[in-house]
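**Student:**
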Amino acid sequence: MSEQTINHEGQLRRVLAALRRDPLALTGSLVLVVLVVVGVGGSWLAPSGINEVNVDQMLQPPSWAHPFGTDELGRDVLSRVMVAARVSLQVGLVSVGIALVVGATLGLFAGYYRGWLDNVLMRCMDVLFAFPVLLLAVAIVAVLGPGLVTAMVAIGVVYTPIFARVTRAGVLSVREQVFVRAAVSVGASDLRIMRRHVLPNIAAPLIVQTSLSLAFAILSEAALSFLGLGVQPPDPAWGRMLFDGRGFVTDAWWLGFFPGAAIFLTVLAFNLVGDALRDVLDPRQLTVSEARRSTA
Amino acid sequence: MSERQRADDQLSAVGSADGTAHGGVPKQREPGEVVAELDDLAVWFPTPAGVVRAVDGVSLRVRRGETLGLVGESGSGKSTTGLALLRLVDPTSGTVRVGGEDVTRWSRRRLRALRRRVAMVFQDPQASLDPRLTIGASIAEPLIVHRLTDGGAARRRRVDELLDMVGLRGDLADRHPHELSGGQRQRVGIARALAGEPDLIVLDEPIASLDLSVQAQIMNLLRRLQRDLGLTYLFIAHDLAAVEHMSDRMAVMYLGRIVESGTPAQIWRDPAHPYTAALLSAVPVADPQAERERRRIILSGDIPSPVDPPGGCRFRTRCPQARPECAETDPVLAEIDPDHRAACLFAKEAVRAMRSA
Chain A
1 MSEQTINHEG QLRRVLAALR RDPLALTGSL VLVVLVVVGV GGSWLAPSGI
51 NEVNVDQMLQ PPSWAHPFGT DELGRDVLSR VMVAARVSLQ VGLVSVGIAL
101 VVGATLGLFA GYYRGWLDNV LMRCMDVLFA FPVLLLAVAI VAVLGPGLVT
151 AMVAIGVVYT PIFARVTRAG VLSVREQVFV RAAVSVGASD LRIMRRHVLP
201 NIAAPLIVQT SLSLAFAILS EAALSFLGLG VQPPDPAWGR MLFDGRGFVT
251 DAWWLGFFPG AAIFLTVLAF NLVGDALRDV LDPRQLTVSE ARRSTA
Chain B
1 MSERQRADDQ LSAVGSADGT AHGGVPKQRE PGEVVAELDD LAVWFPTPAG
51 VVRAVDGVSL RVRRGETLGL VGESGSGKST TGLALLRLVD PTSGTVRVGG
101 EDVTRWSRRR LRALRRRVAM VFQDPQASLD PRLTIGASIA EPLIVHRLTD
151 GGAARRRRVD ELLDMVGLRG DLADRHPHEL SGGQRQRVGI ARALAGEPDL
201 IVLDEPIASL DLSVQAQIMN LLRRLQRDLG LTYLFIAHDL AAVEHMSDRM
251 AVMYLGRIVE SGTPAQIWRD PAHPYTAALL SAVPVADPQA ERERRRIILS
301 GDIPSPVDPP GGCRFRTRCP QARPECAETD PVLAEIDPDH RAACLFAKEA
351 VRAMRSA
């Protein structure tokens, strides 16, 4: 409907304007843009094939021919880092997508209906939440078997409780608003109220949580791959490359440095953008800036 | 001011064209038919401090085409009474009847259909409109929920028509609530209430949060809509003058009970309950001479806690004319004149004594 897009356009413009004003957020966004380009086109952009073994060229330090050097099999580290970006993005998006959809749905129902449903769902979330993130992910992968898909599922499950909690907290405050009562008073169904009135009004914290969780999901994937539970060789993944490079850390620092730097920059970028989004979208921050505007 | 609505009289033309808008057939039912009825309604809320008896034995009837005014202090239970008519609160005991049907124990699903027949306008128009929805989307909600229009174009036309009825320009449909003034927002709230062509509209302090000048505009709009569309109102307010201006009959609530009911003329001229008399004595008079002679009856103390209402007459703790009998007997609402009822053991007598005191 046209009335919806008008609202969202206004919101989008505000977000973009705020990102432009904040140099850190701008940097973060640029890194993300580069990351997405590399992630999508990595295999075409990479200077050489990821599994091009070249024994004469093994463990070469960074040079013009191999800016990130070569590994113990003579493979180009730059190319492998670039292609691995896709895996990281994929795992991040899919696992956070799972966590968002499942967590937000559970949180929505728990917060809207309260009562026993709320208790059962949120206690289950508490149980998941009580485990250290990585321990739980490792346990899930151990049950399902290592691999890209199971890593995504495991990370998705691990981050579900955060989304359930953020959603429920938002729902609890929104459902007490008069406009929700007004929607009940015209005969709207519960599902309609949740979809049309509650969800749009808690979108902001969910967007912020999504961008922050992407950072942690990518970090978790790196950790799983480092432990050999994620992407399986010979496919490149940053965590796996870090693991493989650890044996050469004294005489070939570039093996671990570049994948590590890629993880670092990606996580930092998602965090910077997430923080900036929080500043723009968080309702409390908004009222402060609105108050400032009205007194000015 | 940004009140951009049309001149008031333009609306009567809109109203007369509205016979078609309201389903093609002008409503012609015999006058006096009871649209909604509460019978000995009690609504109690459990709280950590104890059970709050928000409404504790209220009976009332709203007849088609009339305005029943409900006045009382905050905490008297008047808003809860209004919410009960839409079954937005669950009655503890008593019955709620709408159009002759007992809806007290209707399921959530059936209640959704009931809420087309009874609509509500809320006190704070800013809070009662979803900030994320456009004005048009808010007004269209009843149309969508009850499938009253076929397709987006028909819905859009109906929204335009409703905006016109409440004196707003059609292009406001694409705006968001924060772009409107308070008066305009309340007009939107009224348009939303009209959308389902309800038999009864509960107006819960519809003017209390508006500027004085806007209050008058909204009251005039409500009266004009009532005349043109044959609407029935339950008008809830704490402003006695507004209730008198709006209502055909009125009821005064105190601590979860109706203490006096009758026509505004009866109550205004000849209050029978000491509480009503005290309320009336607080209303300023426009005539300086009369204003100087006005005797105020000052009630001592606060309204008692609805967790633990006084035994006997609930008003006795603050009544200047309380007598020993008042602690013994809980007075019932008894007819003292035709259609004029008061719940006081010494109805009229106490008021006379207070006024000569």
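Respectively, the protein sequence lines represent chains A and B. To convert, note that position 115 of the first sequence is 115 in full-length UniProt numbering; the numbers rise steadily by one, no gaps. To convert, note that position 188 of the second sequence is 188 in full-length UniProt numbering; the numbers rise steadily by one, no gaps. Glycine residues also receive a C-beta, built at the ideal position from the N, C-alpha and C atoms.
Name the residues in the region 183-217 of chain A whose C-beta lies less than 9 Å from a C-beta of chain B; which are they?
**Tutor:** 183, 184, 185, 186, 187, 188, 189, 190, 192, 196, 197, 200, 201, 203
**Student:** Which residue comes first and which comes last in the alpha helix (DSSP H) that contains residue 117 of chain A?
**Tutor:** 115-130
**Student:** Residue 160 of chain A: which of A:70, A:122, A:177 sits nearest, CA to CA?
**Tutor:** A:122
**Student:** Whole angstroms are fine: how far does the CA of residue 154 of chain A sit from the CA of residue 173 of chain A?
**Tutor:** 31 Å
**Student:** Are residue 99 of chain B and residue 248 of chain B closer than 8 Å when you measure CB to CB?
**Tutor:** Taking 8 Å as the cut-off, the beta carbon of residue 99 of chain B is found no closer than this to the beta carbon of residue 248 of chain B.
**Student:** Going by the DSSP bridge assignment, what does residue 250 of chain B pair with across the sheet?
**Tutor:** B:69, B:262
**Student:** Consult DSSP for residue 176 of chain B and reduce its assignment to one of helix, strand or coil.
**Tutor:** coil
**Student:** I need the boundaries of the alpha helix (DSSP H) containing residue 44 of chain B, first residue and last residue.
**Tutor:** Where residue 44 of chain B is concerned, there is no enclosing alpha helix (DSSP H), although the beta strand (DSSP E) around it starts and stops at 34-47.
**Student:** Please list, in chain order, the chain B residues whose beta carbon lies closer than 7 Å to that of residue 178 of chain A.
**Tutor:** 122, 124, 127, 128
**Student:** Given residue 243 of chain A, which residues of its chain have a CB within under 6 Å of its CB, disregarding the five upstream and five downstream residues?
**Tutor:** 226
**Student:** So, does the CB of residue 14 of chain A fall closer than 8 Å to a CB anywhere in chain B?
**Tutor:** no
**Student:** Any residues in the region 140-162 of chain B with a beta carbon nearer than 7 Å to a beta carbon of chain A? Which ones, in chain order?
**Tutor:** Going along the region 140-162 of chain B in chain order, one finds 141, 142, 145, 146 with a Cβ nearer than 7 Å to chain A.
**Student:** How would you list, in chain order, the residues of chain A whose beta-carbon sits under 7 Å from the beta-carbon of residue 88 of chain B?
**Tutor:** Neighbours of residue 88 of chain B across chain A, judged by C-beta separation under 7 Å: 181, 184, 185.
**Student:** Please report how far the alpha carbon of residue 36 of chain B lies from the alpha carbon of residue 144 of chain B, in whole angstroms.
**Tutor:** 25 Å
**Student:** Taking Cβ-Cβ distances shorter than 8 Å, what residues in chain A pair up with residue 113 of chain B?
**Tutor:** Those within 8 Å of residue 113 of chain B in chain A are 187.
**Student:** Can you pull out the residues from the region 168-189 of chain B whose beta carbon lies closer than 7 Å to at least one beta carbon of chain A?
**Tutor:** 174, 176
**Student:** Below 8 Å, can you find three or more Cβ-Cβ pairs linking the region 190-208 of chain A to the region 128-144 of chain B?
**Tutor:** yes
**Student:** Is residue 212 of chain B near the ligand SAM, judged by its Cβ being under 7 Å from some heavy atom?
**Tutor:** The model on display carries no ligand, and the ligand SAM is accordingly not part of it.
**Student:** Answer with yes or no whether the minimum CB distance from residue 119 of chain B to chain A is below 8 Å.
**Tutor:** Interface flag for residue 119 of chain B against chain A is set, since a Cβ pair is found closer than 8 Å.
**Student:** Which of the three DSSP states is assigned to residue 27 of chain B in this structure?
**Tutor:** Note that residue 27 of chain B scores a pLDDT of 44, beneath 50, so its modelled location is shaky; the value from the coordinates is reported in the next line. Three-state DSSP puts residue 27 of chain B in coil, outside helix and strand.
**Student:** Less than 8 Å separating the beta-carbons of residue 107 of chain A and residue 196 of chain A?
**Tutor:** no
**Student:** If you measure beta-carbon to beta-carbon, which residues of the region 188-208 of chain B are closer than 9 Å to chain A?
**Tutor:** Listed by position, the residues of the region 188-208 of chain B near chain A (Cβ gap below 9 Å) are 189, 192, 193, 195, 196, 202.
**Student:** Within its chain, find whatever has a CB closer than 6 Å to the CB of residue 94 of chain A; leave out the 5 residues flanking it on each side and keep chain order.
**Tutor:** Counting only Cβ-Cβ distances below 6 Å, and skipping sequence neighbours, we find 152.
**Student:** Starting from residue 116 of chain B, find everything on chain A with Cβ-Cβ shorter than 7 Å and list it in chain order.
**Tutor:** Residues of chain A passing the Cβ test: 187.
**Student:** To which residues of the same chain is residue 31 of chain A closer than 6 Å at the C-beta, ignoring the five residues directly before and after it?
**Tutor:** Contacts found: 265, 269.
**Student:** Going by C-alpha to C-alpha distance, which of A:193, A:192, A:46, A:188 sits closest to residue 196 of chain B?
**Tutor:** A:188
**Student:** For residue 212 of chain B and residue 282 of chain B, what's the separation of their Cα atoms in angstroms?
**Tutor:** 18 Å
**Student:** What does a CB cutoff of less than 6 Å around residue 148 of chain A pick up in its chain, not counting 5 residues either side in sequence?
**Tutor:** 231
**Student:** Whole angstroms is fine: what's the gap from residue 24 of chain A's alpha carbon to residue 277 of chain A's?
**Tutor:** Between residue 24 of chain A and residue 277 of chain A, the C-alpha separation is close to 12 Å.
**Student:** Alpha carbon to alpha carbon, how far is residue 240 of chain B from residue 254 of chain B? Give it in angstroms, no decimals.
**Tutor:** 14 Å
**Student:** Using C-beta distances below 6 Å, list every residue in its chain close to residue 63 of chain A, excluding the 5 sequence neighbours before and after it, in chain order.
**Tutor:** none
**Student:** For the region 302-310 of chain B and the region 48-55 of chain B, state whether three or more C-beta atom pairs, one from each stretch, are separated by less than 8 Å.
**Tutor:** yes
**Student:** Runs of 4 residues minimum, wholly inside the region 15-94 of chain A: which ones carry the alpha helix (DSSP H) assignment?
**Tutor:** 23-45
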